[in-house]
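Structure first, commentary second.
Residue numbers (the working numbering): 3 to 200.
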């Protein structure tokens with residue numbers, strides 16, 4: 003499937019992707035370099051040519067999924083959460099800053115503040131639990147009818163359940179959300195008001 007036919011990620015998905023990319027870029031210099039090249043609009047290196055691959059196993063025909071009813075997500079809750087991350091962790095300030103002038107030690111110190119503030123927001127406003135209880139790296143079996151929205155199959159996915167594999171990530175589920183109520187006139191698009199010192 004080419005990229006033009008893939009659906010664009012939702013606003014909530016983009017928040018998760020941005021936060022994951024932020025922390026991965028701090029710990030993985032090669033990943034950070036790729037992000038910098040993308041931001042600069044540089045062409046991405048193409049993969050080295052490979053010899054003709056061995057014929058892949060023929061996958062079983064996928065069942066036709068039932069039509070999905072889409073619901074419109076209002077942005078207020080996402081904007082409110084982004085405002086909380088800004089207030090407690092200065093997340094927007096951090097991501098909007100040009101970090102090229104700072105040393106790795108300075109960036110690491112700032113990342114610690116952002117990490118602590120983001121953790122505080124998550125602890126205060128969400129109950130987050132692991133999707134799977136097994137330890138990462140352990141072998142698991144997914145029987146027919148497993149919840150595909152809670153478990154994503156990766157690697158060489160062929161055939162049909164039961165699937166056997168190694169748990170590479172336990173996943174996360176929000177079992178409770180406690181966002182503050184908003185006044186009717188509150189403008190959730192103002193993530194942080196401008197400050198004027200007198």
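Glycine included, every Cβ here is placed at the ideal spot set by N, Cα and C. In this text, all values refer to a predicted model and were calculated from it rather than measured experimentally.
Residue i lies in the alpha helix (DSSP H); which residues open and close that run?
i	result
residue 94	93 to 98
So the beta strand (DSSP E) residue i belongs to, where does it begin and stop?
i	result
residue 141	141 to 144
residue 148	Neither: residue 148 is in no beta strand (DSSP E) and is coded neither H nor E.
residue 191	Note, residue 191: premise wrong, no beta strand (DSSP E); not H, not E.
For residue i and residue j, what's the separation of their Cα atoms in angstroms?
i	j	result
residue 84	residue 102	24 Å
residue 117	residue 11	24 Å
residue 145	residue 153	12 Å
residue 30	residue 44	20 Å
I'd like to know whether the C-beta atoms of residue i and residue j end up nearer to each other than 9 Å.
i	j	result
residue 168	residue 141	yes
residue 177	residue 130	yes
residue 193	residue 94	yes
residue 112	residue 96	yes
residue 161	residue 61	yes
residue 115	residue 175	no
What three-state label does DSSP hand residue i in the structure shown?
i	result
residue 41	helix
residue 157	coil
residue 128	strand
residue 102	helix
residue 172	coil
On a Cα-Cα basis, can you pick out the residue from the options that is closest to residue i?
i	options	result
residue 89	68, 119, 69	119
Are the C-beta of residue i and some C-beta of chain C separated by less than 9 Å?
i	result
residue 77	Among the chains of the structure shown, chain C does not appear; only one protein chain is present.
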